[in-house]
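A quick write-up on the structure given underneath.
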Amino acid sequence: MPERFSLDDERFMGLAMAEARAAPAHDDVPIGAVVVHRGEVVGAGHNERELRQDPTAHAETLALRRAAGRLESWRVLDSTLYVTLEPCAMCAGAIVLARVPRVVFASADPKAGAAGSVLDILAEPRLNHRPEVLAGLHAAECAAMLRDFFASRRR
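All residue numbers for the sequence shown refer to this note's numbering, where the first residue is 19 and numbers rise by one.
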């Protein structure tokens with residue numbers, strides 16, 4: 019584990035990975051997210067676009083909605099969002115709007131990533147909030163989960 023990640027980061031990314039593993043049960047891409055507020059999980063989710071037939075039902079948006087409900091505030095302050103894949107533009111926008119102060123993601127997304135790969139919405143200086151972003155925790159395992167999912171679809 020790289021020094022920049024804590025044991026808590028390791029533990030909570032493990033929970034996000036467990037969320038991701040639940041998505042294929044309903045034919046969704048295995049991406050999971052967990053929101054941790056002051057050491058406590060306040061929101062979790064995995065992709066449910068196929069299940070809900072909802073283009074916004076990404077792991078991050080579901081986890082943020084649950085966290086906001088639990089915190090009774092649209093501002094998800096004093097929190098970290100753990101996600102198994104780099105957030106897309108929609109999710110990065112939601113992260114900024116929710117004022118999440120810290121994001122830890124596993125695998126980069128060279129096709130749709132908006133935290134440094136294709137776009138960098140989370141570091142955009144013209145926006146009113148820029149979270150700290152750490153990438154790469156369990157990247158290989160999370161990338162393998164995605165590769166295996168798509169490989170199973172091509173068989």
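Heads up, the beta-carbon is just placed ideally off N, CA and C, and yes, glycines get one too.
Non-local C-beta neighbours of Ile49 in its own chain, meaning closer than 6 angstroms and more than five positions away in sequence, comprise Ala38, Asn65, Ala77, Thr102, Leu103, ordered along the chain. With fewer than 16 other Cβ atoms from the protein chains shown falling within 10 Å of its own Cβ, Arg22 counts as exposed. The C-beta of Phe168 has fewer than 16 other C-beta atoms within 10 Å across all chains shown, which makes the residue exposed. Less than 8 angstroms separates the beta-carbon of Pro149 from that of Ile113. Listed in chain order, the beta strand (DSSP E) elements of length 3 or more contained wholly in the stretch 85-124 are 97-103. Three or more Cβ pairs closer than 8 angstroms define a contact, and the stretch 83-90 falls short of that threshold against the stretch 25-34. In this structure, the straight-line span from the alpha carbon of Asp166 to that of Thr98 is close to 28 angstroms. Scanning its chain for C-beta atoms nearer than 7 angstroms, with the 5 sequence neighbours on each side dropped, one finds around Arg93 the residues Ala116, Arg117, in chain order. For Ala162, the uninterrupted alpha helix (DSSP H) segment begins and ends at 157-172. For Pro105, the number of other beta carbons within 10 angstroms of its own is at least 16, and it is reported as buried. Under the DSSP assignment, Glu28 falls in the alpha helix (DSSP H) whose first and last residues are 25-40.
Under a 10 Å Cβ-count criterion, Gly57 is classified as exposed, with fewer than 16 other Cβ atoms of the shown protein chains found around its own Cβ. DSSP places Leu152 in the strand class (E or B) of the three-state scheme.
Taken through DSSP and simplified to helix, strand or coil, Glu66 comes out as coil. The three-state reading of DSSP puts Glu58 in strand, counting E and B together.
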